[in-house]
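Below: one structure, written as structure tokens.
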Amino acid sequence: MSRNVRCGLIQAASPITDPAVPIAEVRDASIAAHIPFIEEAGRRGVQILGLQEVFNGPYFCPSQDAHWYDLAEPVPGPTTEAMAAYARKHQMAMVVPVYEREQAGVYYNTAAVIDADGSYLGKYRKNHIPHTSGFWEKYFFKPGNLGYPVFKTRYATIGVYICYDRHFPEGARLLGLNGAEIVFNPSATVAGLSQYLWKLEQPAHAVANGYFMACSNRVGIEAPWNIGRFYGSSYFVDPRGNFLATASEDRDELITADLDLDMIEDVRRVWQFYRDRRPETYTPMAEQLP
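Sequential numbering from 1 applies to the sequence shown in full-length UniProt numbering.
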């Protein structure tokens, strides 16, 4: 009997990006924009739903404005608890990326994982933090310190790899070694330098590791920063590198795909990358450069 799992991804524009608007209003508007799509996912029978990077606010990293620190909250906390109610309602596991406050002045780019009964399974903290024009993330986020965990939901074992992480194959491999069957990659990425990589890197991770990837990206242009157009194009890709569903480039949207997890076994019996690894030869990769 095949293990088919119906998964969904939501891509959406941030309704309010003005730093003059109170943070609570910004957060509430962003969450409200997602609720109709979450409900639609429930009606479509989605079993695991992924939201976009820092889904409950704009992508504020083009600034270096301490105002946005106030968007951070504990994980678990108010937003994850609100999403847990929808998870219970629809018997739907969820990947919920938010801005996390661990303690005063210590913030992470985090994704909580909630199971289909609304229980909190744990969180992933983004490990690779960019710091370049338009993406001043080190101002806002501390590098993750939880490694590369996987989460056994009711329907599948999943991992999370957030946005810039996707440029690093090392963590993608560790997620596979840890048992991930589906890796969710919530992102906020704009047209330009790296757009051609969007449909190269994640399929490569899927093929190299023999798992499915679920890749989400927001849409629209966010003032006042105007660093470029978030081009959507969220998608699912299978362990052979085939695209199963792809969203538009310019509108709020829910996409779904049925993932046959038995394909993982079939693919790995052909491509024995896990058997043929030589970890004893990789030590120099992990050594610190002078």
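Glycine is no exception: its CB is placed at the ideal position from the N, C-alpha and C atoms.
| query | result |
| --- | --- |
| In chain order, which continuous runs of the beta strand (DSSP E) of length 3 or greater are located wholly inside the region 30–95? | 48–50 |
| Do three or more CB pairs link the region 71–81 to the region 34–51 at distances below 8 Å? | no |
| Taking the alpha carbon of residue 96 as the reference point, which residue from 105, 30, 138, 106 has its own alpha carbon closest? | 30 |
| Hey, residue 105 and residue 214 are a contact pair by Cβ (cut 8 Å); roughly how many whole angstroms apart? | Going by Cβ atoms, the distance from residue 105 to residue 214 rounds to 33 Å, so no, they are not a contact pair. |
| Using a 10 Å radius around the Cβ and a threshold of 16 neighbouring Cβ atoms, would you call residue 14 buried or exposed? | buried |
| Residue 313 by DSSP, collapsed to three states: which one? | Coverage of the chain is limited to positions 1 through 290, which leaves residue 313 absent and any answer about it impossible. |
| Go ahead and pull the three-state DSSP assignment for residue 161. | coil |
| Measure the alpha-carbon distance for residue 121 versus residue 153 and round it to whole angstroms. | 8 Å |
| Given a cut-off of 8 Å on the beta-carbon distance, is the pair residue 101 and residue 46 in contact? | no |
| Starting from the Cα of residue 236, find the closest Cα among 90, 140, 186, 175 and give me that residue. | 186 |
| Would you decide whether residue 184 is buried or exposed? Buried here means 16 or more other CB atoms lie within 10 Å of its CB. | buried |
| Just reading off the beta strand (DSSP E) that residue 237 is part of, what are its end residues? | 235–237 |
| Would the region 139–153 and the region 165–180 be scored as touching if the rule is three or more Cβ pairs under 8 Å? | yes |
| May I ask you to verify whether the region 52–63 touches the region 214–224, counting CB pairs closer than 8 Å and requiring at least 3? | yes |
| Can you list, in chain order, the residues of its chain whose CB lies under 7 Å from that of residue 267, leaving out five sequence neighbours each side? | 210, 239, 240 |
| What number of angstroms, rounded off, separates the C-alpha of residue 208 from the C-alpha of residue 126? | 21 Å |
| Roughly how far, in whole angstroms, is the beta-carbon of residue 108 from the beta-carbon of residue 71, given that I think they are within contact range, below 8 Å? | The pair is not a contact, with the Cβ atoms about 12 Å apart (cut-off 8 Å). |
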